[in-house]
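Colleague:
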Amino acid sequence: MRSFRPAGPFVFTHGLVLALSLACAHSPRRSQVPAAPNWIDGSLAAVAIDPEQQQLAALANDPSAAAQLARLDRLLDLFDAARFGDDPAPRRALWSALGDTPISRGPQGTQAALTALMEQAWRVEDQHDLSGDAAKFLADLIMLVSVDLHHPQDTEDLRIRADAYRDLAQHGHPRIADNARWRLFDHVYHVLDATSEARPARRREIVAHILYTSQSDIAAYLVPGPSGHRKDLPTASQLVGELDGQRRSLVQIERWRALVERRADHDRDLVETALAALPAPRTTHWAVPMVPTGSGRPDPLAPVVLAGPQHVIIEPRTPTERQVSYASEDLAELLRAQMTRDGRGRLLLAAAPDLPTENLSAVLDATDKAAASTLDLAVLEPAGSADGARRVTVLPVQLYRPDDSLAARPFTASRLHVHLDRASASLWADGRLVPAPAGLVARVDLARSAYPHERVLTLSLGNSVGVSDLVEHLVPLIGGTSPRFSAIAWIPQAPPPPDASQSAEDIIERRLATLSAAGSPRLDQPYPLREQDQATLTAFGEQVHQCSAELEDARAARRCIVEVEFANGVLQDVEVRARPAGRAARLAMQSCVFDVGATLRFRDHRDRFSVRIHLGDAP
52 MRSFRPAGPF VFTHGLVLAL SLACAHSPRR SQVPAAPNWI DGSLAAVAID
102 PEQQQLAALA NDPSAAAQLA RLDRLLDLFD AARFGDDPAP RRALWSALGD
152 TPISRGPQGT QAALTALMEQ AWRVEDQHDL SGDAAKFLAD LIMLVSVDLH
202 HPQDTEDLRI RADAYRDLAQ HGHPRIADNA RWRLFDHVYH VLDATSEARP
252 ARRREIVAHI LYTSQSDIAA YLVPGPSGHR KDLPTASQLV GELDGQRRSL
302 VQIERWRALV ERRADHDRDL VETALAALPA PRTTHWAVPM VPTGSGRPDP
352 LAPVVLAGPQ HVIIEPRTPT ERQVSYASED LAELLRAQMT RDGRGRLLLA
402 AAPDLPTENL SAVLDATDKA AASTLDLAVL EPAGSADGAR RVTVLPVQLY
452 RPDDSLAARP FTASRLHVHL DRASASLWAD GRLVPAPAGL VARVDLARSA
502 YPHERVLTLS LGNSVGVSDL VEHLVPLIGG TSPRFSAIAW IPQAPPPPDA
552 SQSAEDIIER RLATLSAAGS PRLDQPYPLR EQDQATLTAF GEQVHQCSAE
602 LEDARAARRC IVEVEFANGV LQDVEVRARP AGRAARLAMQ SCVFDVGATL
652 RFRDHRDRFS VRIHLGDAP
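Positions in the sequence shown are counted from 1; adding 51 to them yields my numbering.
1) Whole-angstrom Cβ separation of Y272 and A213, contact assumed at under 8 Å?
2) Can you check the segment 368-447 for any alpha helix (DSSP H) of at least 4 residues that lies completely inside it and give the ranges in chain order?
3) Check for me: the alpha helix (DSSP H) holding H596 runs from which residue to which?
4) Does DSSP classify V196 as helix, strand or coil?
5) Given 8 Å as the limit, is there contact between the segment 246-253 and the segment 194-207, that is, 3 or more CB pairs closer than that?
6) Leaving out the 5 sequence neighbours to the left and right, which residues in its chain are closer than 8 Å to R373 when beta-carbon positions are compared?
7) Taking just the CA atoms, how far does R657 sit from L428?
8) When the Cα atoms are used, what is the spatial distance from A76 to Q159?
9) May I ask you to list the residues that DSSP assigns as paired with W541?
10) Please name the residue, chosen from L467, A568 and E176, that lies closest to P503 on a Cα-to-Cα basis.
11) How far does the beta strand (DSSP E) with I365 in it reach, from first residue to last?
12) In chain order, what residues of the same chain lie with their CB nearer than 8 Å to the CB of S571, ignoring the 5 residues before and after it?
13) Comparing alpha-carbon positions, which option in A328, F188, Q162 and A378 lies nearest T371?
14) Quick check on DSSP: helix, strand or coil for W146?
15) Is the CB-CB distance between L168 and V198 below 8 Å?
16) Is the separation between the beta-carbon of L510 and that of I542 shorter than 8 Å?
17) Check whether the Cβ atoms of V627 and M640 lie closer than 8 Å to each other.
18) Suppose contacts are defined by Cβ-Cβ distances below 8 Å. Is L411 in contact with G517 by that definition?
19) Between which residues of its own chain and R652 is the CB-CB distance below 7 Å, once the five residues before and five after are set aside?
20) I'd like the span of the alpha helix (DSSP H) that includes S567, first residue to last.
21) Out of curiosity, what's the CA-to-CA distance linking S288 and E556?
22) Restricting to Cα atoms, I'd like to know which of G530, A220, A440 and D124 is closest to P349.
23) Going by DSSP in three states, D624 sits in which element: helix, strand or coil?
24) Give the secondary structure of A185 by DSSP, where H, G and I count as helix, E and B as strand, and everything else as coil.
25) Which residues in the same chain have their Cβ closer than 7 Å to the Cβ of T324, if we skip the five residues on either side of it in sequence?
26) Identify the residues that DSSP records as bridge partners of W479: which are they?
27) To the nearest angstrom, how far is the alpha carbon of R387 from that of G347?
28) Based on the DSSP secondary-structure assignment, which residues constitute the bridge partners of H665?
29) Apart from the five residues on each side of it in sequence, which residues of its chain come closer than 6 Å, Cβ to Cβ, to Q449?
30) Should V274 be labelled buried (16 or more other beta-carbon atoms within 10 Å of its own) or exposed?
31) Which of the three DSSP states is assigned to F130 in this structure?
32) Give me the Cα-Cα distance between K187 and V175, rounded to the nearest whole angstrom.
33) Please determine, among R319, V302 and A401, the residue with the shortest C-alpha to C-alpha distance to P332.
34) CA-CA distance, G513 and H317?
35) Pick from A228, A498 and S661: whose alpha carbon is nearest that of E616?
36) Counting Cβ pairs, one atom from each stretch, are 3 or more of them under 8 Å apart for the segment 597-608 and the segment 630-650?
Right under this line is the structure:
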């Protein structure tokens, strides 16, 4: 049988199909038995082996219903004492009564003990006509052991199992209700243990399964997406407190009290670990900016930095809550400590739209010094429900430091840059200012049409930028279901914007003219590919067409031929022929083709073959 210390992470997949039907298959018959002997109410934390064995042997030799039911009662309690209390004395007494076996611990030992209990329960049922209290006891014991024997394979099975335990704890025979309560306690214990060991992004999903101890349907707490009708979970303290609630019910029963108290320190350690692992509660009462439905992304549940009017509150409403002034030199170290514990280098900033700019600058500076990799800006958006509910979502901003070789790699080659200040927003392409049309979004769309493969954007902030300025510009750039950019990276120590006298107007016009001259790609291939692979190749041709912008020469685009070679289902080689483009332009286009082909995979065609992609008027 297993110790109360779990051997591995909690799994929400086991199997229960017959749990509720087995008890019904053995309907009680009529009779009445006297009360069980008093000795079975003795403490299960102080089992004396020899007297226990003698008592159980005497009951085994007594054919009366009362003796057999008392023996079953005691065997079930010994099983639970060994299983949930990791006590060797009840385990020895149990196996002495059931018949020694070489496997008395672990999952196989648990299964063997439960099977033996079930067989003895059926034997009592077959041999005696029971009614009233005795029939209720035996039926509930069969129900409990049946549920134990069938392990959940998915969350629906887990729900059915928890429903059965909860019903037995609330309405079962008093001699079985406490055993059912142990199983609810064990359920909470394993959920908390799994939550503590899980990746931070999964902890909310896992800990929600604690709610099965009090309700049958938790689907509303698990609705995916940033603005669905997902209910807010109870606070971390309330969820973790469910373990203590089950514990208090057990400690009131004399035979369990000492055993429960003996494991109290261990349970307390788990509670503290789980509380530290669970994310700080999110609340729609935060004074953060409101955005339209669908603007934000799902909250990844990073540690919370609440920018209040006077202080920064780190992880509010948690055991690790800290309040610190904006001017404190400890702010960066406190943020670093939270990220270290979380393990992702990520923070959630909840700040009011009118937060003073100097306070925002202080938090951003501390975030940089703490070496954060991502800052999620909290926003509120309507949940889309009739009751006007709102949801916390985020606008994620990466932190890009040019000296971080690995972390900076996706942004090093970014050719589009935005500089934000309270009164202005400027866009730069290849270090040159993108001119009118007015409005940042219009300029971004113009630049993206000339740089169709740019999916990341770098960002610098002026000293007077505010929270509302950030949100106003981030929403159209990375918000929504189809964001213009996959990521935005803030450069904390960015130099001043380049000289505005250098305009990107000419280069954007050249790139747009080049794309236009390239026309539609035409594929010259040795043979047709199978349907899915042919669709992959056709889409790749369209991407190669977009790469022609790197030539920045309409004449070269009209004569451009790109020969690509595939082997083992992936891109192997690229050759660009585009006169009169210079070598640097051809290499730029070649690099672009390699980039867009990096993820190409043919499903069926693994042989080596070449394809020519003709652009413009190229023969």
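Backbone N, C-alpha and C fix where the C-beta goes; we use that ideal spot for every residue, glycine too. Note that the coordinates shown come from a computational prediction; the quantities given were computed from them, not determined experimentally.
Modeller: Let me lay it out:
1) Not really, about 14 Å apart at Cβ, beyond 8 Å.
2) 382-393 and 408-420
3) E582 to C598
4) helix
5) no
6) I364, I365, E366 and L385
7) 45 Å
8) Annotation note: pLDDT 32 at A76 (below 50); position unreliable, no value reported.
9) L450 and L510
10) L467
11) H362 to I365
12) H596
13) A328
14) helix
15) no
16) yes
17) yes
18) yes
19) G620 and V621
20) E556 to A568
21) 58 Å
22) G530
23) strand
24) helix
25) S247
26) H468 and L484
27) 25 Å
28) R573 and I612
29) T425, A538 and A540
30) exposed
31) helix
32) 13 Å
33) A401
34) 52 Å
35) S661
36) yes
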